[in-house]
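Visitor:
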Amino acid sequence: MTALPSLETERLIVRPFTMDDLDAKQRLNQAVWGEVTEEAQRAYLTWAVANYQQLAMLFQPPYGDRAIELKVTGEMIGSVGIVPAWIPWGVLASTQDTESAADPANARCSPEMGLFYAVHPDHQRKGYAAEAARAVVDAMFKRNLKRFIATTDFDNEASIAVMRKLGMTIERNQFSQPHWCQIVGVLENK
Ligand SMILES: CC(C)(COP(=O)(O)OP(=O)(O)OC[C@H]1O[C@@H](n2cnc3c(N)ncnc32)[C@H](O)[C@@H]1OP(=O)(O)O)[C@@H](O)C(=O)NCCC(=O)NCCS
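Following the numbering used here, the numbering of the sequence shown begins with 416 at its first residue and continues without gaps.
Dropping the structure here:
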């Protein structure tokens, strides 16, 4: 599969990161996730930038983090990307199975294509995360992806609201295990 090109929406460009984004990416991550050293951010971005090309050379799906840029100012205000998501289907309400219910911590998982997103607090609540994520969903559904997944914690209302805006079905883990899987949004390509 070829790399995802830059995607254009009404207000945004959703594009691959470059090393020129280093400072803006660090500001974004510090504002959203907390302290990140420059060294760690540089290592991450180096990997992310190399990854686009390496995956394309292997004809692999275009996993990876992508920059959300405001068309009007050119400012990099967030990121949206595609990650492998490790989903224990048997603990979710609509796909629950007896084996997983008996031992949820060891529920069998399958890898799915997952979406993630982050927007700098100065630019939140303006519809940017949903607009950028929608562009990535549309591009991958055009490439015949069967479904997208997004995961988050029970109390991440903003993330769940973005899932709903994308039209995802919201699934709850019925158990306290596995502890890293709480909410799963599912969007089928119909
Ligand atoms: C989640 C996040 C990316 C949303 O970004 P955003 O650009 O503010 O989201 P949008 O403006 O596109 O909002 C989409 C919908 O979510 C709703 N929403 C956004 N933030 C919300 C909040 N804090 N509480 C409740 N609803 C919220 C919006 O109202 C909108 O719904 P509507 O159109 O029906 O009103 C942002 O809050 C963020 O970066 N959070 C920290 C990182 C994170 O948790 N990412 C998810 C990882 S699992």
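Note that CB positions come from ideal geometry on N, CA and C, so glycine has one too.
Please read these numbers as outputs of a predicted model, since none were measured by experiment.
What residue range does the beta strand (DSSP E) around residue 482 cover?
Guide: 479 to 485 is the span of the beta strand (DSSP E), which, as asked, contains residue 482.
Visitor: Using C-beta distances below 7 Å, list every residue in its chain close to residue 427, excluding the 5 sequence neighbours before and after it, in chain order.
Guide: These residues qualify, in order along the chain: 483, 484, 485, 486, 543, 546, 547.
Visitor: What does the shell around ligand 1 hold, if a residue joins when its beta-carbon is under 6 Å from any heavy atom?
Guide: The set, ordered by position in the chain, is 447, 531, 532, 533, 534, 539, 540, 541, 542, 543, 544, 545, 567, 571, 572, 573, 574, 576, 577, 580.
Visitor: Looking at residue 601: is its Cβ nearer than 9 Å to the Cβ of residue 533?
Guide: Not closer than 9 Å, so no.
Visitor: According to DSSP, is residue 565 helix, strand or coil?
Guide: If DSSP states are grouped into helix, strand and coil, residue 565 belongs with the strands.
Visitor: Look up residue 588 in the DSSP assignment and say whether it is helix, strand or coil.
Guide: In this structure, residue 588 counts as strand in the three-state DSSP scheme.
Visitor: For residue 528, which of helix, strand or coil comes out of DSSP?
Guide: Looking at residue 528 - three-state DSSP - the assignment turns out to be strand.
Visitor: Just mark residue 443 as buried or exposed, buried being the case when its beta carbon has 16 or more other beta carbons within 10 Å.
Guide: When all chains shown are included, residue 443 counts as buried.
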